[in-house]
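The next block holds one structure in the form of structure tokens; read it before the comments.
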């Protein structure tokens, strides 16, 4: 049967709710108009509540990587050192950004799929006096691993000069994260993940300590956070922002508030657990030893190329799932359950994986085994 | 888990493709503009190809029932007799319409869920000389039954004064129906079924014989088919038509042509067969002895009210399925697989039915049995 529908079960861009698409298509507002200003300030307030922070939250017109760049360029000076946790592609990105801006990355290497030990992060900080920050992921999307930021934050509270900068791109909206309470000084996310909005906006939070650290003349023009902060406090942006996307994001944040952040987090936890049980019922193994609730990385069976699973899913079934990156390419495939996803989407993801694996000759299961395991889990909660 | 998405698995309105929604939201056109005229004529041509007719096809701004009324009011005169096949709620509707317009309905009663015997239709015509038409469904939606219109049409070819008027509301776009070849003189459908468009438009085809039978002064003002025919041949309508819906319908018809009518029919056949196998694997019985490809009517298990299945599906899972009508209320539930539906929607329908039945205490199956049976079928074709 030719695929007649397209479904996004990727870890971003994710599926966009009809309400958000409708908001996106409202007439474009002038970015300096009072009408837009109100929506912009409202979205910033909602983001503060999402992040559970008393600090500042800035909206940038860029991908999440833009906000990562902004963090490195605006919070560190050339010659500074920062501890960088590298346990996947996005950890590598922090290190690359440091090198780009003359910051010395002291890397804590973690086997891809494993979670960094909080004590290893603390040890790196302790053993490198003068280090100015820790750059880390909350969820390392490339491996589907969630790190223990609560414990890491607790340990770093003893190091007042060390900023904890967390890429939470696939964590905010998946988990209910008390940013301030955990001692995360700077946190980042993107519109196209659990925020259920099309790509194009990044979000960065800054607590008081982080605001104080903002440099005056960063090696950046567009990503000048001090300038943004000054403007955004007034409901303005330094340069033209993606006004339609901001309106859409505000609508998506409304939906998250209506569902309730606790319920949103609970939903993601259930969807993730069902996915894990489903793939394990197929005789497959998870890549991650500490699997994230936004995306599940599955080790492809012996002799099967994970990229072929992705290709069949998309071409024959119209469902986009993700493959592996870097050295994991071909070794894994990733099922996302992030954002505008419910139990039936998770079951669809498992069905697609089953059909694709079956076609590729992996038959160490009966068709439906993964779905059944997930259904039994859903029926039990 | 609270339902966060809404899915329509009802036999109309059905799910609307994103492309069609986009077309619907284009700026409203003036119904007498050249731009609209072109689209209107294009949609009529596409409908002719869909119906496989050399006859006329009119678009009415009404529900399908409006087109049924138009047929009775414009093709028969008070005092005429017509054979009416009554095997469900929509057969009853033909009879009610006859009585409303002073046409004498000679009913061929069929047990709900059974298909009318073609010989019974012919016998009624033969035994009632002077009868002016046969009013019938192609699919009786209330019971999920498809009648053998090919054979009925073949038998009626011997009765040149008898118009075969077929309600194909849940048949066109589900099946590839050669309207002219089968001798269907008048056929009707609605936008909100397999045509994948929101409710609001009805379609009626008229072959030459039917056009000749159109009365001059029907007991109708809005539904005056002679007047419509005159206007619509020029790309106009007698009264204001739902212009946005026509634009949307034209887009949906484009999608059907891109997929190909044969493939569309094949898809529906596969979806229907998978649904049947799925529900039977749960130990359930189909209501229909000749099940239609657009909707599957399932007999609720002993002690379970079909309406409760529908209620749980909608309230707890956000999925709208249909219950029974008239004396079947509570006795059945109906899973639609009509229009913008693929294999994963069918599996979702089975999952919802399984979850709901399970909650209601019917456990003569293991969770996932229906889904597995359907998956095995999909993997085999």
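Residue numbers (full-length UniProt numbering), protein chains in the order written: chain F, 1 to 381; chain P, 1 to 381. The beta-carbon is built from N, C-alpha and C at its ideal position, and this holds for glycine as well. If you're wondering where the values come from, they're calculated on a predicted model, not measured in any experiment.
What does residue i reach in chain F if we use C-beta pairs closer than 9 Å?
i	result
residue 347 (chain P)	344, 347, 348, 351 and 371
Is residue i close to chain F? Criterion is C-beta to C-beta, closer than 8 Å.
i	result
residue 270 (chain P)	yes
residue 326 (chain P)	no
residue 5 (chain P)	yes
residue 259 (chain P)	yes
residue 112 (chain P)	no
residue 358 (chain P)	yes
Under 8 Å, Cβ to Cβ, is there at least one residue of chain P near residue i?
i	result
residue 364 (chain F)	no
So what does residue i bridge to, in DSSP terms?
i	result
residue 81 (chain P)	P:104
residue 164 (chain P)	P:134
residue 139 (chain F)	F:146
residue 304 (chain F)	Answer by DSSP bridge pairing: none, since residue 304 (chain F) is not bridged.
residue 204 (chain P)	P:58 and P:188
residue 333 (chain P)	P:298 and P:323
residue 172 (chain F)	F:175
residue 285 (chain F)	F:299
residue 114 (chain P)	P:112
residue 86 (chain F)	F:109
residue 291 (chain P)	P:145
residue 8 (chain F)	F:320
List, in chain order, every chain F residue whose beta-carbon is nearer than 8 Å to that of residue i.
i	result
residue 375 (chain P)	351, 354, 355, 367, 368 and 371
residue 193 (chain P)	By Cβ distance, chain F contributes nothing, its closest Cβ being about 16 Å from residue 193 (chain P), past 8 Å.
Give the residues of chain P in contact with residue i, contact being defined as C-beta atoms less than 9 Å apart.
i	result
residue 1 (chain F)	263, 266, 267, 270, 271, 342, 343, 378 and 381
residue 151 (chain F)	None at all; the shortest Cβ gap to chain P is about 29 Å.
Show which residues of chain F have a CB atom less than 7 Å away from the CB atom of residue i.
i	result
residue 311 (chain P)	The contacting residues do not exist; residue 311 (chain P) stays about 18 Å from chain F at best.
residue 182 (chain P)	The contacting residues do not exist; residue 182 (chain P) stays about 26 Å from chain F at best.
Quick check on residue i: buried or exposed, where buried means 16 or more other Cβ atoms within 10 Å of its Cβ?
i	result
residue 331 (chain P)	buried
residue 362 (chain F)	buried
residue 393 (chain F)	The displayed coordinates of chain F run from 1 to 381. Any statement about residue 393 (chain F) would go beyond what the structure contains.
residue 32 (chain F)	exposed
residue 216 (chain F)	exposed
residue 69 (chain F)	buried
residue 389 (chain F)	The requested residue 389 (chain F) does not occur in the structure, where chain F is confined to residues 1 to 381.
residue 193 (chain P)	buried
residue 240 (chain P)	exposed
residue 336 (chain P)	buried
residue 200 (chain P)	buried
residue 191 (chain F)	buried
residue 233 (chain P)	exposed
residue 158 (chain F)	exposed
residue 268 (chain F)	buried
| How do the stretch 76-87 of chain P and the stretch 320-329 of chain P stand: do at least 3 beta-carbon pairs fall below 8 Å, yes or no? | no
| query | For the stretch 245-264 of chain F against the stretch 17-24 of chain F, are there 3 or more C-beta pairs whose distance is under 8 Å? | reply | yes
| said: When you compare the stretch 130-137 of chain F with the stretch 58-65 of chain F, are there three or more beta-carbon pairs, one atom per stretch, that lie closer than 8 Å? | reply: no
| task | Report yes or no: do three or more beta-carbon pairs, one from the stretch 2-9 of chain P and one from the stretch 298-308 of chain F, lie closer than 8 Å? | result | no
| task | Flag this pair as touching only if the stretch 168-184 of chain P and the stretch 105-124 of chain P have three or more C-beta atom pairs under 8 Å; answer yes or no. | result | no
| Counting pairs of beta carbons, one from the stretch 271-283 of chain P and one from the stretch 336-351 of chain P, are three or more of them closer than 8 Å? | yes
| Between the stretch 180-190 of chain P and the stretch 91-108 of chain P, do at least 3 Cβ pairs fall closer than 8 Å? | no
| Looking at C-beta atoms only, is the number of pairs between the stretch 280-299 of chain F and the stretch 100-109 of chain F that lie closer than 8 Å three or more? | no
| said: Does the contact criterion of 3 or more C-beta pairs under 8 Å hold for the stretch 37-45 of chain F versus the stretch 40-49 of chain P? | reply: no
| said: Three or more C-beta pairs under 8 Å: does that hold for the stretch 122-133 of chain F against the stretch 287-304 of chain F? | reply: no
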